[in-house]
Amino acid sequence: MEEYMSVATACLGNTLLSITSLVGMGDIVTKETFEWLLNDPRILRASNIIFRLMDDLSGYEFEKERACCFSIECYMKQYGVPEQEVLDIFNRLKICANAGPPACSESNKSG
Numbered sequence: 857m858e859e860y861m862s863v864a865t866a867c868l869g870n871t872l873l874s875i876t877s878l879v880g881m882g883d884i885v886t887k888e889t890f891e892w893l894l895n896d897p898r899i900l901r902a903s904n905i906i907f908r909l910m911d912d913l914s915g916y917e918f919e920k921e922r923a924c925c926f927s928i929e930c931y932m933k934q935y936g937v938p939e940q941e942v943l944d945i946f947n948r949l950k951i952c953a954n955a956g957p958p959a960c961s962e963s964n965k966s967g
């Protein structure tokens, strides 16, 4: 799973989008801001992982017929869990990503 994610998250445009969103902000953004963003901060890595998992989840049913490698398949093989359990885990993550930290803490308490 870690090997897949290291390759799959590198392919996302989220980093480029984050950098380009700073370009028009004027003097608020400094050279240090860009350097920080280019050093792969935790918040950027986390959002890349969430985006990758959400993308894999949305295209999983269609793509599994084509035998594509997805994080869902990697997770099932690495941890020996059934498909539905992985889908449930990823869907909870998707809910957390959409609703923010309060939903994540509530979701983690319930299961």
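Numbering (our numbering), first residue to last: 857 to 967. The C-beta atom is built at its ideal place from N, Cα and C for all residues, glycine as well.
- M932 and R901 have their C-alpha atoms some 22 Å from each other.
- By the neighbour-count criterion, in which 16 or more other beta carbons inside 10 Å mark a residue as buried, V942 falls on the buried side.
- In the three-state scheme derived from DSSP, where H, G and I count as helix and E and B as strand, F926 is classed as coil.
- Linking L893 to E929 through their CA atoms gives a straight-line distance of about 31 Å.
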